[in-house]
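Residue 1 is where the sequence shown starts when you use the working numbering, and the numbers rise one by one after that.
Glycine is no exception: its CB is placed at the ideal position from the N, C-alpha and C atoms.
What follows is a single structure, written as structure tokens, with notes after it.
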Amino acid sequence: MKNYFKQYLRNFDYGLFIVYMFLSLFGLVMIYSSSIWVSIVYLDASPDYYYIRQRTNLLLAFLLFLVVVIVPYKRLSSKVILMPLMVLMIILEFWVTFAGNGKTTTGSQSWISIFGLMNFQPSEFAKLFIIIFFAGTFYRKSINKGSAQLLKFDDISFPLGMWLFILGCVGLETDVGALFIIFVIAMSVVVTSGLRGKVLLRIFGMISGLGAVVVSALLLLKWESITTASRIGRFTSYLDPFAYAQGSGYQVVNGYYAIGSGGLEGKGLGQSIQKLGYLPEPQTDFIMAVIAEELGLLGVSIVILGLGFIVIRGFYIAMITTDPLARMLAAGISTWIGLQTFINLGGLSGIIPLTGVTLPFISYGGTSILLLSVAMGILINVSTYHKIEKRK
1 MKNYFKQYLR
11 NFDYGLFIVY
21 MFLSLFGLVM
31 IYSSSIWVSI
41 VYLDASPDYY
51 YIRQRTNLLL
61 AFLLFLVVVI
71 VPYKRLSSKV
81 ILMPLMVLMI
91 ILEFWVTFAG
101 NGKTTTGSQS
111 WISIFGLMNF
121 QPSEFAKLFI
131 IIFFAGTFYR
141 KSINKGSAQL
151 LKFDDISFPL
161 GMWLFILGCV
171 GLETDVGALF
181 IIFVIAMSVV
191 VTSGLRGKVL
201 LRIFGMISGL
211 GAVVVSALLL
221 LKWESITTAS
231 RIGRFTSYLD
241 PFAYAQGSGY
251 QVVNGYYAIG
261 SGGLEGKGLG
271 QSIQKLGYLP
281 EPQTDFIMAV
291 IAEELGLLGV
301 SIVILGLGFI
311 VIRGFYIAMI
321 TTDPLARMLA
331 AGISTWIGLQ
341 TFINLGGLSG
351 IIPLTGVTLP
361 FISYGGTSIL
371 LLSVAMGILI
381 NVSTYHKIEK
391 RK
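Below is the structure:
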């Protein structure tokens, strides 16, 4: 055991670990800075209300990270892990579909309250679950057949059915951002699974056909939820937010003011003006606007470089590893973090419409930091074991 830990620490991916810790701690500082006014004025609470909660979340997340980073990633393909995860995912999706909350506050019925102690987003769990479930199931199937090239469409119909079930449930929540991310994450795992081109084309055809049916059904069943004033406003203000500066474009325009006034070095930590009631929930979706205003282009660049390093490093691991399970896990996690970063920054900068997606590791959110920490534990685990195998 002593030799095992010695070998593990010698091959540990310290680069990924340092960047993960830096971003998480940097996010904690910026959550404190951006949420002081919201805590006092909106919640009538202490200035460090969000900071204390996120600090607790981060401590729990780091404990989970330590467990995941030590246990060999191969265990994720075990039925002992896959089956309970699947049952938990089904329970959470039914729970949020029939007893979820958040529709009146966020416009999406995407939250569940666990014994009144904490709120939880099953769609966040679904992002990690679909990576582990797809990668683990495809890996097991390919081992049984001898190679992923020998797998037929019928061999993978069950995980595909689970994927469609999740997409349907998230669609009923009308959480468009999470729906798109889960779809793309799953596709990244499928593409890197090693399946034959014929099988991949059949999957694409099936998903396209069923996707059209699901979207049509959602438009019919959830038309009022999808076409709320806030959702329509996001699209009408997308092309010209200043024309709707007092309405649907209010958040985007004030985000622009924050970014523009920050300059190269920013106004200084804690000196943001836009967080004083002009940016709704500045500690979540628009936390990068506060970073831009207080720390300028330099602060923004540091965050983007850190997130970019994780994504590029993850895809590099996926390309160089010879283990199909490692490849699928690394590709799925990298896609998740990269896509979510793009959607958040794209909405902030006006490249795409706002979708309410948080910035990985930086934005406030217990569910997000817990699951992202588990994902980072898996990614570092994959990288470390690849180094060990390479040395052998």
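- [ ] Over the uninterrupted alpha helix (DSSP H) stretch that includes residue 316, give me the two end residues.
- [x] Taking the sequence shown and counting its residues from 1, the one referred to as residue 316 is at position 316. Looking at the DSSP string, the run of the alpha helix (DSSP H) that includes residue 316 is 287-320.
Open item on the list: For a test of the three-state rule: what should DSSP assign to residue 120, helix, strand or coil?
Closed with: As a first step, residue 120 must be located in the sequence shown, where it is residue number 120. Collapsing the DSSP output to three states places residue 120 in a strand.
Open item on the list: Does residue 193 come out as helix, strand or coil in the three-state DSSP assignment?
Closed with: What you label residue 193 is simply residue 193 of the sequence shown in a count that begins at 1. Here residue 193 sits in coil by DSSP.
- [ ] Measure the C-alpha to C-alpha separation of residue 307 and residue 380 and round it to an integer number of angstroms.
- [x] By 1-based counting over the sequence shown, the position of residue 307 is 307. By 1-based counting over the sequence shown, the position of residue 380 is 380. Here the C-alpha atom of residue 307 lies approximately 15 Å from the C-alpha atom of residue 380.
Open item on the list: If you follow the alpha helix (DSSP H) that residue 84 is in, where does it begin and where does it stop?
Closed with: Within the sequence shown, numbered from 1, the residue matching residue 84 stands at position 84. Where residue 84 is concerned, the enclosing alpha helix (DSSP H) stretches over 79-99.
Task: 8 Å Cβ shell around residue 15 - same chain, five flanking residues per side excluded - done: For the purposes of this step, residue 15 is identified with residue 15 of the sequence shown, where counting begins at 1. Non-local beta-carbon contacts of residue 15 in its own chain, meaning distances under 8 Å to residues more than five positions away in sequence, involve 309, 313 in chain order.
Open item on the list: In whole angstroms, give me the CA-to-CA distance for residue 76 and residue 293.
Closed with: The residue labelled residue 76 in the question sits at position 76 within the sequence shown. The residue labelled residue 293 in the question sits at position 293 within the sequence shown. One C-alpha to the other measures close to 42 Å.
- [ ] Would you kindly report the start and end of the unbroken alpha helix (DSSP H) that includes residue 256?
- [x] Sequence index remark: in the sequence shown, residue 256 carries index 256 (1-based). Going by DSSP, residue 256 is part of the alpha helix (DSSP H) stretching over 250-262.
- [ ] Identify which residue in 272, 91, 11 has its Cα closest to the Cα of residue 69.
- [x] Counting from 1 along the sequence shown, the entry for residue 69 is found at position 69. Nearest of 272, 91, 11 to residue 69, Cα basis: 11.
Task: Own chain residues within Cβ distance below 7 Å of residue 373, not counting five before or after - done: For the purposes of this step, residue 373 is identified with residue 373 of the sequence shown, where counting begins at 1. Once the five neighbours on either side are set aside, the close Cβ partners of residue 373 are 61, 62, 64, 65.
Open item on the list: Does residue 382 pass the burial test, meaning 16 or more other C-beta atoms within 10 Å, or should it be called exposed?
Closed with: Counting from 1 along the sequence shown, the entry for residue 382 is found at position 382. Buried.
Open item on the list: According to DSSP, is residue 156 part of a helix, a strand, or is it coil?
Closed with: By one-based count along the sequence shown, residue 156 stands at place 156. Reduced to three states, the DSSP call for residue 156 is helix.
Open item on the list: I want to know whether the region 348-356 touches the region 249-260 - three or more CB-CB distances under 8 Å.
Closed with: yes
Open item on the list: Is the beta carbon of residue 269 closer than 8 Å to that of residue 298?
Closed with: Translated into positions along the sequence shown, residue 298 becomes position 298. Translated into positions along the sequence shown, residue 269 becomes position 269. Not a contact, by the Cβ cut-off of 8 Å.
Open item on the list: I'd like to know whether the C-beta atoms of residue 333 and residue 181 end up nearer to each other than 8 Å.
Closed with: In the sequence shown, residue 333 corresponds to position 333, counting from 1. In the sequence shown, residue 181 corresponds to position 181, counting from 1. No. Outside cutoff.
Task: Nearest to residue 87 (by Cα), restricted to the options 357, 191, 165 - done: Your numbering for residue 87 matches position 87 in the sequence shown. The option with the nearest alpha carbon to residue 87 is 165.
Task: Where residue 373 sits in the DSSP three-state scheme - done: On the sequence shown, residue 373 is found 373 positions in, with the first residue counted as 1. Three-state DSSP puts residue 373 in a helix.
Task: Reference residue 322, options 387, 370, 337, closest by Cα - done: Here residue 322 is taken as the residue at index 322 of the sequence shown, counted from 1. Nearest C-alpha to residue 322: 387.
- [ ] Could you work out which residue in 73, 173, 208, 8 is closest to residue 187 when comparing CA atoms only?
- [x] Mapped onto the sequence shown, residue 187 falls at position 187. Taking only the C-alpha atoms, the option nearest residue 187 is 208.
Task: Best match in 133, 156, 42 for proximity to residue 79 [C-alpha to C-alpha] - done: Position 79 of the sequence shown, counted from the first residue, corresponds to residue 79. Checked all of 133, 156, 42; the closest Cα to residue 79 is 133.
Open item on the list: If you follow the alpha helix (DSSP H) that residue 340 is in, where does it begin and where does it stop?
Closed with: Position 340 of the sequence shown holds residue 340. Note, residue 340: alpha helix (DSSP H), 324-349.
Task: Option nearest residue 260 by Cα separation, candidates 249, 271, 27, 296 - done: Here residue 260 refers to the residue found at position 260 of the sequence shown. Measuring from the Cα of residue 260, the nearest candidate turns out to be 296.
Task: Residue environment, residue 197, which counts as buried when at least 16 other CB atoms sit within 10 Å - done: Numbered from its first residue, the sequence shown carries residue 197 at position 197. It is exposed - the Cβ of residue 197 has fewer than 16 other Cβ atoms within 10 Å.
Task: Per-residue burial, residue 5 [other beta carbons within 10 Å of its own, 16 or more giving buried] - done: As a working mapping, residue 5 is identified with position 5 in the sequence shown. The residue in question, residue 5, is exposed, as its Cβ has fewer than 16 Cβ neighbours within 10 Å.
Open item on the list: Does the contact criterion of 3 or more C-beta pairs under 8 Å hold for the region 41-60 versus the region 88-97?
Closed with: no
TODO: Spatial neighbours of residue 315 within its chain, please: CB distance less than 6 Å, with the 5 preceding and 5 following residues excluded, ordered by chain position.
DONE: By one-based count along the sequence shown, residue 315 stands at place 315. So the list reads 334, once near-sequence residues are dropped.
Task: Option nearest residue 58 by Cα separation, candidates 202, 371, 193 - done: Here the question's residue 58 lines up with position 58 in the sequence shown. For the residues 202, 371, 193, the minimum Cα distance to residue 58 belongs to 371.
Open item on the list: Within 10 Å of its beta-carbon, does residue 375 have 16 or more other beta-carbons around it, so buried, or fewer, so exposed?
Closed with: Taking the first residue of the sequence shown as 1, we reach residue 375 at position 375. Counting Cβ neighbours within 10 Å, residue 375 comes out buried, since at least 16 surround it.
Task: Among 43, 318, 23, nearest to residue 359 - alpha-carbon criterion - done: As a first step, residue 359 must be located in the sequence shown, where it is residue number 359. With distances taken between CA atoms, residue 359 lies nearest to 23 out of 43, 318, 23.
Open item on the list: Here's the rule: buried if 16 or more other CB atoms are within 10 angstroms of the residue's CB, otherwise exposed. What is residue 162?
Closed with: What you label residue 162 is simply residue 162 of the sequence shown in a count that begins at 1. So residue 162 counts as buried.
Task: Residue span of the alpha helix (DSSP H) that contains residue 24, given as start and end - done: Residue mapping note: residue 24 aligns to position 24 of the sequence shown, counting from 1. Run containing residue 24: 14-37, per the alpha helix (DSSP H) assignment.
Open item on the list: I'd like the list of long-range same chain contacts for residue 280, defined as Cβ closer than 7 Å, with 5 residues on each side in sequence excluded.
Closed with: One-based indexing of the sequence shown puts residue 280 at position 280. If we look at residue 280 and ignore the five residues flanking it on each side, its Cβ neighbours are 251.
Task: Backbone CA spacing between residue 190 and residue 36 [nearest angstrom] - done: For the purposes of this step, residue 190 is taken as residue 190 along the sequence shown, with counting starting at 1. For the purposes of this step, residue 36 is taken as residue 36 along the sequence shown, with counting starting at 1. Cα to Cα, the separation comes out at about 43 Å.
- [ ] Report buried or exposed for residue 129, applying the criterion of at least 16 other Cβ atoms within 10 angstroms of its Cβ.
- [x] Along the sequence shown, one-based indexing puts residue 129 at 129. Counting Cβ neighbours within 10 Å, residue 129 comes out buried, since at least 16 surround it.
Open item on the list: For residue 377 and residue 341, what's the separation of their Cα atoms in angstroms?
Closed with: Counting from 1 along the sequence shown, the entry for residue 377 is found at position 377. Counting from 1 along the sequence shown, the entry for residue 341 is found at position 341. Each residue's Cα considered, the two are about 19 Å apart.
Task: Length of the line joining the Cα atoms of residue 390 and residue 305 - done: Locating residue 390 in the sequence shown gives position 390, where the first residue counts as 1. Locating residue 305 in the sequence shown gives position 305, where the first residue counts as 1. So the two alpha carbons sit approximately 28 Å from each other.
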